[in-house]
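Counting from 1, position 267 in the sequence shown corresponds to residue 267 in UniProt numbering; the numbering is continuous, with no gaps.
Virtual Cβ for every residue (Gly too), placed ideally from N, Cα, C.
The structure displayed is predicted, hence computed values, not measured ones.
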Amino acid sequence: MPQSRSASLLAIYPHITSRDRQLLQLLDDHRVLTTDQIHRMLFLARRTCQIRLGELTALGLLDRFRFARAGGGSHPWHWTLGHQGQRFQAAAHHRPEPTVRASRQSVDRLSANPNLTHLLTANEFFVRLTVYARWHPEARLDRWWSETMTTKQFRTITADGHGLWSATDTTVGFFLEADTGTEPLGRVVAKLDRYAQLIHRGGPRYPVLFWLGSEQREEHLHRLLRGRRDSAPLATATHPTDPAEAVWLTGGGTGRVRLTELPSDHGQPVADNPNYDESGFVL
């Protein structure tokens, strides 16, 4: 089955399944995923996942990289679009076709990106919601926007992502701040000002979710938040938790609640971007 990397897209089409297309779109939108993340979202057996990823790499649709561990061995494979995958997505979305050199440079830059860990952390948040919805028919991740897409739509905020999460008859919108512990918490808190400005302009009043690396950092953040009167609602949880469950501590709250129990007001999506259509999507 494996084809030469230089094979035409038309020759590759018979080998691309609907699940492959879903994976290509995920990588086009979110740039990089690990083997484990792809396995949990799209496959049942890890070995089946590994074999298929190898086949897609042989077709040139995917590329991969990984790093050495300090104590020996290697970190997991990181997967991204290969040249043929970038060509396929460009054709699907009416974008200019990339050159081989441009495709190679995009992978090289991604692998050397100092914010790679942060990107994977933000993606992991949405991966967990996707996996939860996979096994709970009453739940859905209706929207998963990357940092780039979120910034394009809302302009003045710098969220790490935006989503719409539904369970039974409730839909909650949210903005994600995925914290890896590299920023002073004072700077993290200051981000709330931009969300408050968005609300004042008539934008959505979505909770800002601070996903933190430890309970100690979460406690410290809440100490800094005491006495603040922000227009932007917020909630916190830590990385080991499942974001769909009752893990969210609201600002000034005394107990943990589920994601769908957080306050959420969709406001006027058109207020901050003139390119929205009535559904809230960009034209």
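Roughly how many whole angstroms lie between the Cα atoms of residue i and residue j?
| i | j | result |
| --- | --- | --- |
| Thr121 | Pro14 | 34 angstroms |
| Leu23 | Ile38 | 8 angstroms |
| Ala196 | Arg223 | 20 angstroms |
| Glu245 | Thr171 | 15 angstroms |
| Pro76 | Arg69 | 10 angstroms |
| Ser146 | Gly72 | 33 angstroms |
| Gly181 | Pro240 | 14 angstroms |
| Arg205 | Ile16 | 40 angstroms |
| Phe125 | His220 | 21 angstroms |
| Val107 | Val189 | 33 angstroms |
| Leu249 | Gly227 | 16 angstroms |
| Ala112 | Asp63 | 14 angstroms |
| Asp20 | Leu164 | 24 angstroms |
| Tyr132 | Arg40 | 10 angstroms |
| Thr35 | His78 | 7 angstroms |
| Val257 | Pro263 | 11 angstroms |
| Pro114 | Leu185 | 20 angstroms |
| Ile199 | Leu234 | 13 angstroms |
| Ser214 | Arg134 | 27 angstroms |
| Val207 | Leu116 | Per the sequence shown, residue 207 should be read as Pro rather than Val. Cα to Cα, the separation comes out at about 25 angstroms. |
| Arg229 | Ala91 | 48 angstroms |
| His94 | Leu26 | 17 angstroms |
| Leu56 | Asp169 | 38 angstroms |
| Val247 | Thr254 | 12 angstroms |
| Arg201 | Thr238 | 31 angstroms |
| Arg187 | Gln216 | 17 angstroms |
| Arg47 | Lys152 | 38 angstroms |
Check whether the Cβ atoms of residue i and residue j lie closer than 8 angstroms to each other.
| i | j | result |
| --- | --- | --- |
| Phe154 | Leu209 | no |
| Ala178 | His136 | no |
| Ser74 | Phe67 | yes |
| Leu61 | Gly82 | yes |
| Arg143 | Asp242 | no |
| Ala139 | Ala159 | no |
| Arg194 | Thr150 | no |
| Pro98 | Gln86 | yes |
| Phe88 | Leu9 | yes |
| Leu53 | Gln84 | no |
| Leu141 | Thr130 | yes |
Using the beta-carbon count (16 or more within 10 Å), is residue i buried or exposed?
| i | result |
| --- | --- |
| Glu183 | exposed |
| Arg31 | buried |
| Asn123 | buried |
| Val100 | exposed |
| Val282 | Note that Val282 scores 39 on pLDDT, short of 50, meaning its location in the model is unreliable; the coordinates nonetheless yield the value given after this. Exposed: under 16 other Cβ atoms inside 10 Å. |
| Ala45 | exposed |
| Ala102 | exposed |
| Ile51 | exposed |
| Ala11 | exposed |
| Asp28 | buried |
| Asp277 | Model confidence at Asp277 stands at a pLDDT of 40, short of 50, so the residue's coordinates are unreliable; what they give is reported in the following sentence. Looking at its Cβ environment, which holds fewer than 16 other Cβ atoms inside 10 Å, Asp277 is exposed. |
| Thr80 | buried |
| Gly161 | buried |
| Asp265 | exposed |
| Gly203 | buried |
Report, in whole angstroms, the separation of the C-beta atoms of residue i and residue j, which I expect to be a contact under 8 angstroms.
| i | j | result |
| --- | --- | --- |
| Thr236 | Glu261 | Thr236 to Glu261, Cβ: 14 angstroms. No contact. |
| Leu212 | Gly251 | Not confirmed; about 14 angstroms, so no contact. |
| Leu176 | Ala232 | Not really, about 13 angstroms apart at Cβ, beyond 8 angstroms. |
Is residue i close to chain C, meaning its C-beta is less than 8 angstroms from at least one C-beta of that chain?
| i | result |
| --- | --- |
| Asp169 | The structure shown contains no chain C; it holds only a single protein chain. |
Ignoring anything shorter than 4 residues or poking outside the segment 146 to 178, list the alpha helix (DSSP H) runs there in chain order. 147 to 154
Segments assigned beta strand (DSSP E), at least 3 residues, entirely inside the segment 237 to 263: 248 to 250
Complete alpha helix (DSSP H) runs within the segment 63 to 131 (minimum length 4 residues, chain order): Whole alpha helix (DSSP H) segments, 4+ residues: 83 to 92 and 100 to 111.
Which ranges does the alpha helix (DSSP H) cover as unbroken runs of at least 4 residues, wholly within the segment 181 to 224, from first to last along the chain? Runs of the alpha helix (DSSP H) lying entirely within the segment 181 to 224, each at least 4 residues long, are 185 to 190 and 192 to 200 in chain order.
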